[in-house]
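Down below is the structure, laid out as structure tokens.
There are 4 protein chains.
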Amino acid sequence: MSTLTDKLANRMLVKKGDKTNTIIKVKGCAIGSDQLAIVAGPCAVESEDLFKETAFKVRGAGASMLRGGAFKPRTSPYSFQGLGEKGLKILTKVGEEMNMAVITEVMDSEDISLVSEHADIIQIGARNMHNFSLLRKLGRCERPVILKRGMAATIEEWLLAAEYILDAGNEQVILCERGVRTSETWTRNTLDLAAVALVKELSHLPVLVDPSHGTGIRSLVTPMSKAAIAAGADGIMVEVHPHPEKALSDGDQSLTPRGFSQLMREIEPIALSTGRRIRS
Amino acid sequence: MSTLTDKLANRMLVKKGDKTNTIIKVKGCAIGSDQLAIVAGPCAVESEDLFKETAFKVRGAGASMLRGGAFKPRTSPYSFQGLGEKGLKILTKVGEEMNMAVITEVMDSEDISLVSEHADIIQIGARNMHNFSLLRKLGRCERPVILKRGMAATIEEWLLAAEYILDAGNEQVILCERGVRTSETWTRNTLDLAAVALVKELSHLPVLVDPSHGTGIRSLVTPMSKAAIAAGADGIMVEVHPHPEKALSDGDQSLTPRGFSQLMREIEPIALSTGRRIRS
Amino acid sequence: MSTLTDKLANRMLVKKGDKTNTIIKVKGCAIGSDQLAIVAGPCAVESEDLFKETAFKVRGAGASMLRGGAFKPRTSPYSFQGLGEKGLKILTKVGEEMNMAVITEVMDSEDISLVSEHADIIQIGARNMHNFSLLRKLGRCERPVILKRGMAATIEEWLLAAEYILDAGNEQVILCERGVRTSETWTRNTLDLAAVALVKELSHLPVLVDPSHGTGIRSLVTPMSKAAIAAGADGIMVEVHPHPEKALSDGDQSLTPRGFSQLMREIEPIALSTGRRIRS
Amino acid sequence: MSTLTDKLANRMLVKKGDKTNTIIKVKGCAIGSDQLAIVAGPCAVESEDLFKETAFKVRGAGASMLRGGAFKPRTSPYSFQGLGEKGLKILTKVGEEMNMAVITEVMDSEDISLVSEHADIIQIGARNMHNFSLLRKLGRCERPVILKRGMAATIEEWLLAAEYILDAGNEQVILCERGVRTSETWTRNTLDLAAVALVKELSHLPVLVDPSHGTGIRSLVTPMSKAAIAAGADGIMVEVHPHPEKALSDGDQSLTPRGFSQLMREIEPIALSTGRRIRS
Chain A
5 MSTLTDKLAN
15 RMLVKKGDKT
25 NTIIKVKGCA
35 IGSDQLAIVA
45 GPCAVESEDL
55 FKETAFKVRG
65 AGASMLRGGA
75 FKPRTSPYSF
85 QGLGEKGLKI
95 LTKVGEEMNM
105 AVITEVMDSE
115 DISLVSEHAD
125 IIQIGARNMH
135 NFSLLRKLGR
145 CERPVILKRG
155 MAATIEEWLL
165 AAEYILDAGN
175 EQVILCERGV
185 RTSETWTRNT
195 LDLAAVALVK
205 ELSHLPVLVD
215 PSHGTGIRSL
225 VTPMSKAAIA
235 AGADGIMVEV
245 HPHPEKALSD
255 GDQSLTPRGF
265 SQLMREIEPI
275 ALSTGRRIRS
Chain B
5 MSTLTDKLAN
15 RMLVKKGDKT
25 NTIIKVKGCA
35 IGSDQLAIVA
45 GPCAVESEDL
55 FKETAFKVRG
65 AGASMLRGGA
75 FKPRTSPYSF
85 QGLGEKGLKI
95 LTKVGEEMNM
105 AVITEVMDSE
115 DISLVSEHAD
125 IIQIGARNMH
135 NFSLLRKLGR
145 CERPVILKRG
155 MAATIEEWLL
165 AAEYILDAGN
175 EQVILCERGV
185 RTSETWTRNT
195 LDLAAVALVK
205 ELSHLPVLVD
215 PSHGTGIRSL
225 VTPMSKAAIA
235 AGADGIMVEV
245 HPHPEKALSD
255 GDQSLTPRGF
265 SQLMREIEPI
275 ALSTGRRIRS
Chain C
5 MSTLTDKLAN
15 RMLVKKGDKT
25 NTIIKVKGCA
35 IGSDQLAIVA
45 GPCAVESEDL
55 FKETAFKVRG
65 AGASMLRGGA
75 FKPRTSPYSF
85 QGLGEKGLKI
95 LTKVGEEMNM
105 AVITEVMDSE
115 DISLVSEHAD
125 IIQIGARNMH
135 NFSLLRKLGR
145 CERPVILKRG
155 MAATIEEWLL
165 AAEYILDAGN
175 EQVILCERGV
185 RTSETWTRNT
195 LDLAAVALVK
205 ELSHLPVLVD
215 PSHGTGIRSL
225 VTPMSKAAIA
235 AGADGIMVEV
245 HPHPEKALSD
255 GDQSLTPRGF
265 SQLMREIEPI
275 ALSTGRRIRS
Chain D
5 MSTLTDKLAN
15 RMLVKKGDKT
25 NTIIKVKGCA
35 IGSDQLAIVA
45 GPCAVESEDL
55 FKETAFKVRG
65 AGASMLRGGA
75 FKPRTSPYSF
85 QGLGEKGLKI
95 LTKVGEEMNM
105 AVITEVMDSE
115 DISLVSEHAD
125 IIQIGARNMH
135 NFSLLRKLGR
145 CERPVILKRG
155 MAATIEEWLL
165 AAEYILDAGN
175 EQVILCERGV
185 RTSETWTRNT
195 LDLAAVALVK
205 ELSHLPVLVD
215 PSHGTGIRSL
225 VTPMSKAAIA
235 AGADGIMVEV
245 HPHPEKALSD
255 GDQSLTPRGF
265 SQLMREIEPI
275 ALSTGRRIRS
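This is how it looks when you write it as structure tokens:
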């Protein structure tokens, strides 16, 4: 479709054009390949025991990477803000024990080197997608970056945010759709899976989907994971907590480890029918 | 999930509760059953020859029902408004020749009896979802009704619009998600597939998805059809035109018959992997 | 601004171009003139006594027209739907006694002649702005029409909805901004006063503002009335109820008669400073 | 209105409660007092000559403070990004020559001390309203902070962002409404003046309005400035450029100095009628 591909100027580094799709390799995973990237873990790292328990169970169910927040962007200054450096250390330790890549968010450019030491992949949250200064600095770091779409960002703005990172020298960018804000109130956000299909058409970058933040409702995580894979996503990023009712944040949208195992069973046939697999 | 099911009061007729899922039978199709409903056809009925050609081809590719507008809701009074009664007659004639159920929109309560004579299923478009007077009157007609979600309607409002029809006596209501309006500009609407999964959880009514209006972009229709089925939709409603570049409306989002055949091939494995089939 | 005026094609009847501003005269009021149109009254006509009491008080405070719903568009079929024809009769009777023009909504084209007999001005609510069939039929009636902006309608769509009425022959169209739906939850809608200024620039039609539905919060009605007039609105449409806490609908956003008197005192200096007056 | 004031917990520092309104004094101005704060200047500082010319003219017309960007948050990495430190120096120099307070944006916590040396007031742009790390650090600086509302931020999130700054120790916070993103396309944003009135009711902080970004259209800046003041804003922040057609950014929404003088003449009677004045 000429009109769409014309949307991104030829000079754009994010543009697919004649490029082959970018595949990002981290600890045995190849994000953007025919193996789906399955990222799982709690919203926040709350304690070493809890994180280890979660990691052990999601690995058993087939997850290939771990997520867990140490610096948490919270709407209120009085909400739990994450364990900070202590959380990062737990993340690294458990990642090494489980031999899994770990992903965590950075909120401040001052923390990039610290986070880079502890995480295999650095995440930019939706609230910082327009933080161009942070984007540029992550463009100069060695780690792959997951760039979540902003809460009201257009697809164009999202791709241009990625362009900031690529233009600064870091080619390892992974996009992540996590829903946009609408006037719907029963779901936390409106997950925009057409954006995933469109970005896969326009850009060579891998695209993940976060159905946990994208819906805010536990029972919708599995159907939306299936839909995401059917739409062409390169993987999913799912919140899992051993005891969601006690989680310090995002309990309502977290799967239990058992629920995550069920999700894995349900997505496998969808993955196979679209030429993907979920295990290496 | 108690909080969600509590959202709809116990008296609500749309509420799932202990009810079995509603299955609506029309000319050999069973909408809401394990056979997916595949509705295809042009945005508007433009001529008998064109409509017949389209019908013949989509039937061959596996469509089970025909769509085609005779009364078209257009933003400008100066745009093509549909063939009216002449279009209805073409619809009926071709439907009978092809032995397929036909679906068309009614915009005015005065036309309900006329449209009921010609169509097997009556559609309420997104622009009339809040037209409560029309809803009530369709609640007193014999035909099944497809109720499209309004452009900025919440899920709650959509279900309450269905309640108007059910409360007036017509139990044959089919919901259809067609995207909501957001600040995204590259796609025509933002297709809300989480709404589909949520409504399937809360209500016993069948739910279709319209990926043509939902995205406005031809190349996204197939990936979004796959995603819709993976999310649990009971069927899809797709715009097909033999010569999209000459269509009087919605050409950019219409598939060619060949593109529709490709769509059918791609959705079949997704359907099978979710326990559905696409042919009787 | 050439780009903006180019937005509306030259043939458009709503377009300002070289036309003088439309002034609509009803029972001693001139909507669109230098005298502001002040419409007040309850959301719904609930009883003759209550409506009369309200009318008497708002007239005393300076209102020039009465509003009151007889047919109410309600999200749920189980909410109070208005008194229907009985409400219309009360409206007419009180309007005549008070010598004030009365305004009420029509929801169904079948009711146009009935409503035309009872009301001086007919309102199309936000939920029916895209009901093109109703628009066309109001284009063939003798009464002036207030066209409220749809909940998610763009300015272009709103003006094209007005074009449907004008094109069908009725030149007496009054636009009314009542807020659009956004992700803000503390206010009921987001009142778009820039749309008022823009439409006054592009079109010759008068524009009112409804700060009651536009905000949903009683304490915001007066500041938004002042802002609307400062932005160039030709008048306001305000919900007033003698006992808001007992109102059958919209109590939270209704002013008391005393609150309305205070509003009138506060808008007068704003009106004067923009070359308008609030009394004849 | 008990329900609204209950929205902010009693411990909240932004909450009005029994507090007197905060007045922030900078170089002879008192933001939040009965004298309106009138901030004017170009989107970006482009050269010393241009900035000086603009400053001279807006001061003559009655502006009390100067705005001008040195670090510009731009959607594309290939757009003009501002003059950086060179721009800051021009800002300071001209501010001193004109004896006017100067306001500029900070995008990176690393630049806070540099920007603090050059600017009297530091601005957080809409794109960084959710950059909690930056908010906290500005909470520890000595300068007053203008906090623009995020593009899709709710009023609650905006107030909680302010709470981050107050909680970290800086009580000199000025809120600035600049429009939210909706599906409207003719205006750049939808200016939410009800949010201004609501925040004035709930919080003791001063609130400015930016009608330039809020509309994106030159001809709407004056009507929206009038509306903002009528709604209770403590001031306005307006883009002015001597040659808007040559501006490196935001030319379409910039007033000429002559247009700004006209704006000042038009807002004066509105200001007076709401108990405010525009000159000291």
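Chains as they are written, first to last, in my numbering: chain A, 5 to 284; chain B, 5 to 284; chain C, 5 to 284; chain D, 5 to 284. Note that beta-carbon positions come from the ideal geometry of N, C-alpha and C, so glycine has one too.
Ranked by Cα distance from residue 158 of chain A, the first of B:130, B:185 and B:189 is B:189. Note on residue 187 of chain D: 16 or more other CB atoms within 10 angstroms of its CB, so buried under the neighbour-count rule. Any Cβ of chain D closer than 9 Å to the Cβ of residue 187 of chain C would place that residue at the interface, and such an atom is present. Membership of residue 127 of chain D in the beta strand (DSSP E) is indicated by the continuous run 125 to 128.
Residue 152 of chain B carries a strand assignment under DSSP once its states are collapsed to helix, strand and coil.
Of the candidates D:166, D:75 and D:239, D:239 places its Cα closest to the Cα of residue 40 of chain D. Comparing alpha-carbon positions, the option among B:81, B:280, B:273 and B:204 lying closest to residue 227 of chain A turns out to be B:204. Boundaries of the alpha helix (DSSP H) harbouring residue 228 of chain C: 222 to 235, taken from the DSSP string. For the set B:115, B:137, B:66 and B:277, the Cα lying nearest the Cα of residue 33 of chain B is the one of B:66. Restricting attention to B:46, B:53, B:273 and B:282, the CA atom closest to the CA of residue 75 of chain B is found in B:46. Secondary structure note for residue 241 of chain B: its beta strand (DSSP E) is the uninterrupted segment 239 to 243.
The residue among D:265, D:13 and D:242 with its C-alpha nearest the C-alpha of residue 256 of chain D is D:242.
A direct Cα-to-Cα measurement between residue 162 of chain D and residue 153 of chain C gives close to 28 Å.
Taking C-beta separations shorter than 7 Å and ignoring five residues to either side along the sequence, the partners of residue 231 of chain A in its chain run 197, following chain order.
Under the DSSP assignment, residue 93 of chain B falls in the alpha helix (DSSP H) whose first and last residues are 89 to 102. Annotation: residue 25 of chain B to residue 94 of chain A spans about 47 Å, alpha carbon to alpha carbon.
Interface flag for residue 199 of chain B against chain D is unset, since no Cβ pair is found closer than 9 Å.
At a cut-off of 9 Å between beta carbons, residue 156 of chain B contacts chain D. Note that the C-beta distance between residue 18 of chain B and residue 207 of chain B is below 9 Å. With respect to the 9 Å criterion, residue 128 of chain C and residue 149 of chain C are classified as neighbours on the basis of their beta carbons. Sixteen is the threshold: when 16 or more other Cβ atoms of the shown chains lie within 10 Å of the Cβ of residue 50 of chain B, as they do, the residue is buried. Contact annotation, residue 217 of chain C with residue 185 of chain C: C-beta distance approximately 11 Å; criterion of less than 8 Å not satisfied. Using a Cβ distance threshold of 9 Å, residue 174 of chain D and residue 142 of chain D count as a contacting pair. Taking C-beta atoms under 8 Å as the contact rule, residue 78 of chain A and residue 120 of chain A fail to qualify, at a distance of about 23 Å. At a cut-off of 9 Å, the C-beta of residue 253 of chain A has no neighbouring C-beta in chain B. Ranked by how close their Cα comes to the Cα of residue 108 of chain A, the residues A:202, A:48, A:253 and A:212 have A:48 in first place.
Residue 117 of chain C counts as exposed, since fewer than 16 other beta carbons sit within 10 angstroms of its beta carbon. The C-beta distance from residue 212 of chain B to residue 237 of chain B rounds to 6 Å, short enough to meet the 8 Å contact threshold.
If you draw a straight line from the Cα of residue 111 of chain A to the Cα of residue 248 of chain C, it is about 47 Å long. Measuring C-alpha to C-alpha distances from residue 114 of chain B to each of B:139, B:270 and B:151 identifies B:139 as the nearest. Considering only B:277, B:86 and B:60, the residue with the shortest C-alpha distance to residue 251 of chain B is B:86. With the criterion set as a beta carbon lying under 7 Å from some beta carbon of chain A, the members of the stretch 130 to 156 of chain D are 131, 132, 134, 135, 136, 137, 155 and 156, in sequence order.
Residue 251 of chain B: not part of any beta strand (DSSP E); DSSP gives it neither H nor E.
Per DSSP, the continuous beta strand (DSSP E) segment holding residue 45 of chain B begins and ends at 41 to 45. Nearest neighbour of residue 13 of chain A by Cα position, chosen from A:88, A:83 and A:160, turns out to be A:160.
Each of D:38, D:134, D:59 and D:92 was checked against the Cα of residue 261 of chain D, and the nearest Cα belongs to D:59.
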